[in-house]
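Take a look at the structure set out below.
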Amino acid sequence: MGTGAVMFAVLRRDLQAALRRGSEWSNPLLFFLMVCSLFPLGIGPERQQLAVLAPGIIWVVALLASMMATDGLFRGDYDDATLEQLLLSPLPLYPLVLAKTFGHWLVSGLPLSLLSPLLATILQLPSEGLAVLMVSLLLGTAVLSFIGAIGAALTVGLRKGGLLLSLIVLPLYIPVLIFGSAAVKSAIDGMAYLPPLAVLAALLMAALALAPLAIGGALRISVDQ
Amino acid sequence: MANWQWFHKWGSPRWFYQFSGRLLPWLAIPALLLLVGGCVWGLAFVPADFKQGNSFRIIYIHVPAAAVAMGGYMLMATAAAVHLIWRMKLAAIVMKSAAPIGAALTFLALLTGAVWGKPTWGTWWVWDARITSVLILFFLYLGLIALHQAFENRDAAARACAVLAIVGAVNIPIIYWSVEWWYSLHQPASIKFVGESTIHPTMLRPLMATLSGMYLFFGWVLLLFVRAEIIEREKNTRWVQALVSDK
Numbered sequence: 002m003g004t005g006a007v008m009f010a011v012l013r014r015d016l017q018a019a020l021r022r023g024s025e026w027s028n029p030l031l032f033f034l035m036v037c038s039l040f041p042l043g044i045g046p047e048r049q050q051l052a053v054l055a056p057g058i059i060w061v062v063a064l065l066a067s068m069m070a071t072d073g074l075f076r077g078d079y080d081d082a083t084l085e086q087l088l089l090s091p092l093p094l095y096p097l098v099l100a101k102t103f104g105h106w107l108v109s110g111l112p113l114s115l116l117s118p119l120l121a122t123i124l125q126l127p128s129e130g131l132a133v134l135m136v137s138l139l140l141g142t143a144v145l146s147f148i149g150a151i152g153a154a155l156t157v158g159l160r161k162g163g164l165l166l167s168l169i170v171l172p173l174y175i176p177v178l179i180f181g182s183a184a185v186k187s188a189i190d191g192m193a194y195l196p197p198l199a200v201l202a203a204l205l206m207a208a209l210a211l212a213p214l215a216i217g218g219a220l221r222i223s224v225d226q
Numbered sequence: 029m030a031n032w033q034w035f036h037k038w039g040s041p042r043w044f045y046q047f048s049g050r051l052l053p054w055l056a057i058p059a060l061l062l063l064v065g066g067c068v069w070g071l072a073f074v075p076a077d078f079k080q081g082n083s084f085r086i087i088y089i090h091v092p093a094a095a096v097a098m099g100g101y102m103l104m105a106t107a108a109a110v111h112l113i114w115r116m117k118l119a120a121i122v123m124k125s126a127a128p129i130g131a132a133l134t135f136l137a138l139l140t141g142a143v144w145g146k147p148t149w150g151t152w153w154v155w156d157a158r159i160t161s162v163l164i165l166f167f168l169y170l171g172l173i174a175l176h177q178a179f180e181n182r183d184a185a186a187r188a189c190a191v192l193a194i195v196g197a198v199n200i201p202i203i204y205w206s207v208e209w210w211y212s213l214h215q216p217a218s219i220k221f222v223g224e225s226t227i228h229p230t231m232l233r234p235l236m237a238t239l240s241g242m243y244l245f246f247g248w249v250l251l252l253f254v255r256a257e258i259i260e261r262e263k264n265t266r267w268v269q270a271l272v273s274d275k
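Structure representation (structure tokens):
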């Protein structure tokens with residue numbers, strides 16, 4: 002099989018598994034929904050106050066939801082030794098890791114981004130920000146998936162990976178959060194929102210080029226130990 | 029063919045232990061002299077700042093701690109790369125040892141910054157670009173230490189941490205720029221750190237002394253950590269047992 006065919010096979014298998022086990026893609030979404038609805042209860046339901054905080058809230062919660070989804074990215078494959086087979090295959094690791102990470106984004110980041118306008122409405126986000134929020138989340142969650150995959154690959158062999166994963170990954174998430182919420186805020190304030198979006202896209206390109214190398218190396222270390 | 033003996037020497041923990049033992053006093057004595065001397069000079073003999081009064085004198089600890097904390101991360105990431113590329117054990121030990129020292133210095137920088145901020149800015153904490161990126165550096169160090177502790181297998185721990193240290197090193201400039209930009213987007217102009225060129229020479233000279241003292245101090249403490257780790261790892265070898273039974 003060629004590289005493309007294998008990538009497609011990996012992607013299809015992951016998507017099929019995720020669709021059959023519905024909780025894999027629905028749990029992060031439910032988390033996103035529930036935590037976002039906690040904020041008005043904690044802060045108070047005043048419309049203006051929520052409108053100011055909404056971009057930050059949605060971005061932070063989306064980031065946490067994406068991180069929680071990342072924890073299981075390689076776990077199933079590690080437990081049933083599929084990961085070992087992938088590492089043993091003669092194909093380079095880069096495209097395989099790329100396919101796995103992309104598949105993960107399709108079931109975590111993409112639904113989060115698609116659901117975000119609904120939550121934005123609940124949180125009184127001004128309508129000027131809706132489209133930019135969605136685009137920033139589409140780009141940003143993809144970067145988060147790549148960074149999270151590095152953490153997941155490093156911790157997959159550990160019994161208690163979950164909390165550790167967040168300690169490793171959260172500091173690296175910060176640039177994405179800054180530019181993502183900045184884009185939405187600029188759009189609401191009527192300022193140029195394209196520069197932060199362009200930076201997000203640049204981060205995505207850098208992650209696309211470099212992160213699979215780190216993920217592959219980390220997977221080898223986790224499987225070797 | 030080039031002579032590679034020097035390179036293989038660095039791969040031998042035993043050689044490094046003996047070599048570093050001779051190096052220790054050459055780091056320790058100047059480090060203490062420069063740190064203590066620089067502090068006394070800065071605290072007692074430099075005239076007070078006309079705006080900040082005496083509170084600026086904390087600069088003689090704050091700036092060296094922050095600078096060495098950042099330099100320490102770069103050293104750690106370099107050691108991580110050396111370990112991954114050449115599988116050099118010593119590099120793994122240096123990487124592991126640098127993390128807690130770097131974390132401690134980063135904490136010191138944050139703490140002294142807060143103490144300095146209270147009289148000058150009227151607040152312990154500002155979400156200023158510089159402060160935020162140092163805080164993130166602190167988190168990166170802590171994440172690395174946590175990851176190292178989570179592994180039972182020492183070699184896997186070293187390699188996993190090496191990957192994380194390098195990823196972090198790639199991210200540090202990105203984080204720095206993002207934080208800088210975030211700050212300029214959302215806050216009106218606020219007090220900035222004094223640039224090096226705008227500091228008066230009488231204040232600068234003791235700072236240079238404590239700064240170089242802090243670098244030497246870092247090297248000294250790093251060597252102590254590395255030597256302790258070498259002894260721990262090689263405790264079953266004959267040379268360590270001979271070394272211990274001699275004393």
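Chain order of the listed sequences is U and D. Taken in order, the first sequence gives residues 2 to 226; the numbers are from our numbering. Taken in order, the second sequence gives residues 29 to 275; the numbers are from our numbering. Don't be surprised by glycine CBs; every beta carbon is placed ideally from N, CA and C.
| field | Three or more C-beta pairs below 8 Å linking the stretch 171-181 of chain U and the stretch 105-123 of chain U | value | no
| task | Taking only the alpha-carbon atoms, compute the straight-line gap between A153 (chain U) and I159 (chain D) and give it to the nearest angstrom. | result | 29 Å
| task | Check whether the Cβ of A184 (chain D) lies closer than 8 Å to any Cβ atom in chain U. | result | yes
| field | chain D within 8 Å of L111 (chain U), Cβ atoms only | value | no
| said: Please tell me whether I222 (chain U) has its Cβ less than 8 Å away from any Cβ of chain D. | reply: yes
| field | Cα-Cα separation, F135 (chain D) to L103 (chain D) | value | 18 Å
| task | Spell out whether any CB of chain U is found under 8 Å from the CB atom of V191 (chain D). | result | yes
| message | Suppose you measure from the CA of S218 (chain D) to the CA of V162 (chain D); what does that come to, to the nearest Å? | response | Note that S218 (chain D) has pLDDT 43, beneath the 50 cutoff, so the model's placement of it is unreliable and no number is given.
| request: Could you pull the start and end residues of the alpha helix (DSSP H) that P128 (chain D) belongs to? | output: 117-149
| query | Who are the neighbours of L165 (chain U) on chain D, taking C-beta pairs under 7 Å? | reply | A174, L175, A178
| request: Note down the Cα distance separating R160 (chain U) from Y243 (chain D), rounded to an integer number of angstroms. | output: 38 Å
| For a contact meaning CB atoms closer than 9 Å, what does R187 (chain D) contact in chain U? | G218, A219, R221, I222, D225, Q226
| Does the pairing of the stretch 136-156 of chain D with the stretch 171-190 of chain D give three or more beta-carbon distances under 8 Å? | no
| task | Can you check DSSP and say which residues form a bridge with D77 (chain D)? | result | D:G81
| said: Alpha carbons only, please: which of D:G99, D:A107, D:G66, D:Y101 is nearest the one belonging to I87 (chain D)? | reply: D:G66
| field | Residue-chain proximity (L170 (chain D), chain U), Cβ-Cβ < 8 Å | value | yes
| For A119 (chain D) and W43 (chain D), the rounded distance between their alpha carbons | 14 Å
| query | Any C-beta of chain D sitting closer than 8 Å to the C-beta of P176 (chain U)? | reply | yes
| query | Terminal residues of the continuous alpha helix (DSSP H) containing M236 (chain D)? | reply | 229-261
| query | The alpha helix (DSSP H) with L71 (chain D) in it runs from where to where? | reply | Element bounds for L71 (chain D): n/a, residue is neither H nor E.
| Secondary structure at Y101 (chain D), three-state DSSP: helix, strand or coil? | helix
| task | List the residues of chain D that P172 (chain U) touches, going by C-beta distances under 7 Å, in chain order. | result | I164, F167, L168, G171
| query | Since W114 (chain D) meets chain U, which of its residues come closer than 8 Å, beta carbon to beta carbon? | reply | None at all; the shortest Cβ gap to chain U is about 15 Å.
| query | Do G110 (chain U) and S67 (chain U) come within 8 Å of each other at the CB atom, strictly closer than that value? | reply | yes
| message | One question on the structure: do P197 (chain U) and A207 (chain U) come within less than 8 Å of each other, judged by their Cβ atoms? | response | no
| message | Taking CB distances under 8 Å as the criterion, tell me whether P168 (chain U) reaches chain D. | response | The sequence shown places Leu at residue 168 (chain U), rather than the Pro named in the question. It does; some Cβ of chain D falls within 8 Å.
| query | When the cut-off is 8 Å and only beta carbons count, does W153 (chain D) lie next to chain U? | reply | no
| request: May I ask you to report which of helix, strand or coil DSSP gives E224 (chain D)? | output: Residue placement at E224 (chain D) is poorly supported in this model, since its pLDDT is 47, which falls under 50; the coordinates are not used for a value here.
| request: Taking only the alpha-carbon atoms, compute the straight-line gap between A202 (chain U) and L126 (chain U) and give it to the nearest angstrom. | output: 23 Å
| Beta carbon proximity, F290 (chain U) to chain D, threshold 8 Å | There is simply no residue 290 (chain U) to check, as chain U begins at 2 and stops at 226 in what is shown.
| field | Proximity test, Cβ basis, 8 Å: L211 (chain U) and chain D | value | yes
| said: DSSP three-state label for G130 (chain U), please. | reply: helix
| task | Please list, in chain order, all residues of the same chain as A132 (chain D) whose beta carbon is under 7 Å from its beta carbon, the five residues on each side excluded. | result | none
| Inter-residue CB distance, W144 (chain D) and S206 (chain D) (contact presumed, cutoff 8 Å) | That belief does not hold up - the Cβ atoms of W144 (chain D) and S206 (chain D) are roughly 25 Å apart, past 8 Å.
| query | Taking only beta-carbon atoms, is F103 (chain U) less than 8 Å away from chain D? | reply | no
| Taking Cβ-Cβ distances shorter than 7 Å, what residues in chain U pair up with I203 (chain D)? | I175, P176
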